[in-house]
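Right, one structure below, let's go through it.
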Amino acid sequence: MKCSENQPLLKIGEVAKLNDISTDTLRYYDKIDLFKPVVTDDNGYRYYEVKQLVDLDLILWLRMNGASVHETRQILEIKSLDKVIDILSSENAKLKDQIQKLQNQLYANRYYISHMKKCMEWEVNECYLLEFENRYCVSTDYSVPPGSRSEYELGLKNILQRINNKDSYFNSFFGGIYRREKKSPDYKSGLYPAVVNIRNHKVSESQLIPKGIYGVMPLRGYFDYAYDMIPKLLAFIHKEGFVSSGDCYVLKIWEQGRTASPSGEMLELQIPVLKRSL
Numbered sequence: 001m002k003c004s005e006n007q008p009l010l011k012i013g014e015v016a017k018l019n020d021i022s023t024d025t026l027r028y029y030d031k032i033d034l035f036k037p038v039v040t041d042d043n044g045y046r047y048y049e050v051k052q053l054v055d056l057d058l059i060l061w062l063r064m065n066g067a068s069v070h071e072t073r074q075i076l077e078i079k080s081l082d083k084v085i086d087i088l089s090s091e092n093a094k095l096k097d098q099i100q101k102l103q104n105q106l107y108a109n110r111y112y113i114s115h116m117k118k119c120m121e122w123e124v125n126e127c128y129l130l131e132f133e134n135r136y137c138v139s140t141d142y143s144v145p146p147g148s149r150s151e152y153e154l155g156l157k158n159i160l161q162r163i164n165n166k167d168s169y170f171n172s173f174f175g176g177i178y179r180r181e182k183k184s185p186d187y188k189s190g191l192y193p194a195v196v197n198i199r200n201h202k203v204s205e206s207q208l209i210p211k212g213i214y215g216v217m218p219l220r221g222y223f224d225y226a227y228d229m230i231p232k233l234l235a236f237i238h239k240e241g242f243v244s245s246g247d248c249y250v251l252k253i254w255e256q257g258r259t260a261s262p263s264g265e266m267l268e269l270q271i272p273v274l275k276r277s278l
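Just so you know, the sequence shown maps onto residues 1 to 278 in full-length UniProt numbering.
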């Protein structure tokens with residue numbers, strides 16, 4: 001510690017340690033004239049007065065709460081409470097948005113873990129009944145050949161551009177939809193790339209996947225193989241006393257993207273069902 005006119009001076013390292021920040025931060029603040037040392041000697045060593053730490057506390061608090069360097073400098077110069085209130089109000093809105101995104105991610109991760117564990121317990125190519133809550137999806141308005149990986153991936157990117165929300169996109173299951181023929185239990189062979197957004201209620205183009213009982217089948221393969229397995233799932237649904245009641249969804253549970261091996265894809269067929277009337 002150095003003294004100037006009987007006032008103790010703190011070295012840059014001491015100020016950094018007292019405030020749990022780096023010396024690089026203090027040098028940067030000096031460079032941009034935000035927080036300058038009271039003395040810089042001939043060797044370039046910086047020294048600060050203890051009373052300056054009050055301003056440094058305010059700077060660090062403002063920066064932690066989202067104030068820009070320009071806004072921080074304004075507040076230091078005019079000490080405006082109105083400006084502080086504006087900054088904190090703006091930061092509160094950002095924090096609420098971040099909290100919502102984190103909650104969606106937490107919900108999605110829990111959903112992934114639960115569903116993946118269930119798929120690991122099931123036998124591949126066997127059929128089951130499973131109840132789902134309401135879900136939302138966004139799909140392309142055009143179909144692609146179910147065996148074409150490139151056209152499918154481009155379809156997913158088309159969806160990402162339309163919803164313009166990476167958080168919703170990546171906190172979702174990728175998959176596809178086989179549309180049911182009108183007035184027929186059969187399904188069209190064209191695949192509509194889709195993103196099943198677990199907690200996405202804000203996208204205007206999202207479609208409701210209604211809650212209820214679904215016939216499901218875990219399988220390994222690609223979308224063309226999944227289409228070939230629809231008759232087996234429909235036969236199971238009929239045997240259990242149900243009838244199909246909507247489009248067939250194919251969700252990617254896991255994929256081996258680099259291998260491009262169809263056997264590496266873990267998919268799940270899902271068809272909504274209703275109890276068959278006697």
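Glycine residues also receive a C-beta, built at the ideal position from the N, C-alpha and C atoms.
Buried/exposed call for residue i, threshold 16 Cβ in 10 Å
i: Ile-113; result: exposed
i: Arg-276; result: exposed
i: Leu-26; result: buried
i: Thr-40; result: exposed
i: Leu-274; result: exposed
i: Met-266; result: buried
i: Gly-241; result: exposed
i: Ser-244; result: buried
i: Gly-215; result: buried
i: Glu-181; result: exposed
Beta-carbon proximity list for residue i, same chain, < 7 Å, skipping 5 on both sides
i: Glu-49; result: Gln-7, Leu-9, Val-38
i: Thr-140; result: Gly-155, Asn-158, Ile-159, Tyr-192, Pro-193
i: Asp-224; result: Pro-146, Gly-147
i: Leu-34; result: Ile-59, Val-69, Thr-72, Arg-73
Beta-carbon spacing of residue i, residue j below 7 Å
i: Leu-251; j: Gly-175; result: yes
i: Arg-135; j: Val-196; result: yes
i: Thr-23; j: Ile-32; result: no
i: Ala-108; j: Asn-171; result: yes
i: Cys-137; j: Gln-52; result: no
Simplified DSSP assignment, three categories, for residue i
i: Trp-61; result: helix
i: Arg-276; result: coil
i: Thr-23; result: helix
i: Asn-171; result: coil
i: Leu-34; result: coil
i: Glu-153; result: helix
i: Met-229; result: coil
i: Ala-67; result: coil
i: Val-216; result: strand
i: Ser-127; result: Per the sequence shown, residue 127 should be read as Cys rather than Ser. Reduced to three states, the DSSP call for Cys-127 is coil.
i: Glu-205; result: coil
i: Tyr-28; result: helix
i: Gly-190; result: strand
Neighbourhood of residue i by C-beta, 6 Å cutoff - its chain only, sequence neighbours within 5 removed
i: Leu-246; result: Note that residue 246 corresponds to Gly in the displayed sequence, not to Leu. Answer for Gly-246: Pro-272, listed in chain order.
i: Thr-259; result: Its pLDDT being 48, under 50, Thr-259 is placed unreliably in this model, and the value from its coordinates should be taken loosely. Cβ within range, chain order: n/a, list empty.
Spatial neighbours of residue i in its chain, beta-carbon cut-off 8 Å, leaving aside the 5 residues before and after
i: Gln-74; result: Ser-80, Lys-83
i: Tyr-47; result: Lys-2, Ser-4, Leu-9, Leu-10, Lys-11, Ile-12, Pro-37, Val-38, Val-39, Thr-40, Asp-41
i: Glu-205; result: Val-138, Arg-162, Ile-163
Proximity test, Cβ basis, 7 Å: residue i and chain C
i: Tyr-227; result: Checking the listed chains, one finds no chain C in this structure; it contains a single protein chain.
Touching by the beta-carbon criterion (3+ pairs, under 8 Å), the stretch 124-141 and the stretch 226-246: yes
Any 3 or more C-beta pairs closer than 8 Å across the stretch 79-93 and the stretch 213-232: Three or more beta-carbon pairs separated by less than 8 Å are not found between the stretch 79-93 and the stretch 213-232, which leaves the two stretches without contact.
At least 3 beta-carbon pairs within less than 8 Å: the stretch 93-103 vs the stretch 223-231: no
contact_flag[the stretch 166-175, the stretch 103-111] where n(CB pairs < 8 Å) is 3 or more: yes
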